[in-house]
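A short worksheet on the structure shown next.
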Amino acid sequence: MSSPSGVQLVPHGKNVLVFRNGDPFHNGRRMVVNERQYVTFEAFLNDVTRSIQAPTAVRNIYTPRNGHRVTQLSDLNNRGQYVAGGNEKFRKLDYLHTEVKPTVTIKVKDVQQLFLLFSFAFCTCYNITIFSPGSVFRNGDLMTPPIRVLIPPSIQREWELVLTLLTEKANLYSGAVRRICTLDGVSISSGAELVSGEYYVVVGSEKFKCLPYEELLT
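Counting from 1, one number per residue, gives the positions in the sequence shown under the UniProt record's numbering.
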């Protein structure tokens, strides 16, 4: 049906759901796309970067199941799901069934926080060797480089304090750190099992994600 003379119809928008590449906890961000709002595909990518709070500029849009690249707005389907990534390669995950990020309130005893601060200050002032397990990866996160962690010997002996320290350092999507695992998923149960210079994965209440974390080291 033609429009009345002098009246221009606004193009219908496409409703799409966009996920962050390699993030198993991202629930997706809904966006409305139309050609009037986004004159170029580049403008759309820039808006996706802001909308999903991507760690780097979004440069590629993929289909979630097979990772096929979408290169123009006309290829987007209404009510379609897509994965947005930067220059890194597509990470194949079950994006359509991502775990819902729970709302977690971390309650740490004041005495534990004071103990952490005192231990670091004491070790620094008196030049005491600080144990370093190397670096830790965040469970299921192939976008963030491993995080270097320094653990004073006094904290290493208190497992709950180790987990508290890693909770503050790692800032997991799922909340507090509940477990520390080797790269192949073996759980560590005490500070004595941590080996200086090794790499580990910090895990929250969710299951361990068996992913090629070693790729971030190359």
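Ideal Cβ positions, reconstructed from N, Cα and C, are used throughout, including at glycine.
In the same chain as residue 79, and ignoring 5 residues on each side of it, the C-beta atoms closer than 7 Å to its own belong to 15, in chain order.
Look at residue 38 here: in three-state DSSP terms it is coil, with no helix or strand label.
Proximity of the stretch 79 to 91 to the stretch 60 to 68 meets the contact definition, three or more beta-carbon pairs being nearer than 8 Å. Taking all protein chains shown into account, residue 21 has 16 or more neighbouring C-beta atoms within 10 Å of its C-beta and is therefore buried. Here residue 82 is bridged, per DSSP, to 18.
Judged by DSSP secondary structure, residue 150 falls within the beta strand (DSSP E) whose first and last residues are 147 to 151. Contact between the stretch 165 to 173 and the stretch 42 to 50 is absent, with fewer than three C-beta pairs closer than 8 Å. Residue environment analysis places residue 89 among the exposed positions, since fewer than 16 neighbouring C-beta atoms fall within 10 angstroms of its C-beta. The closest CA to that of residue 208, considering only 24, 13, 19, is found on 24. Cβ-Cβ separation between residue 201 and residue 178: approximately 12 Å, too far for a contact (criterion under 8 Å).
Residue pairing by DSSP places residue 181 opposite 187, 201 in a beta bridge.
Nearest Cα to residue 145 within the set 137, 152, 206: 137. Spatial neighbours of residue 17 in its own chain (CB-CB distance under 6 Å, excluding positions within 5 residues in sequence) are listed in chain order as 28, 30, 81. For residue 195, no alpha helix (DSSP H) segment is defined, and its DSSP state is neither H nor E. Apart from sequence neighbours up to five positions away, the residues of its chain that approach residue 180 with a beta-carbon distance below 8 Å are 136, 162, 163, 166, 187, 188, 194, 200, 201, 202, 203, ordered along the chain.
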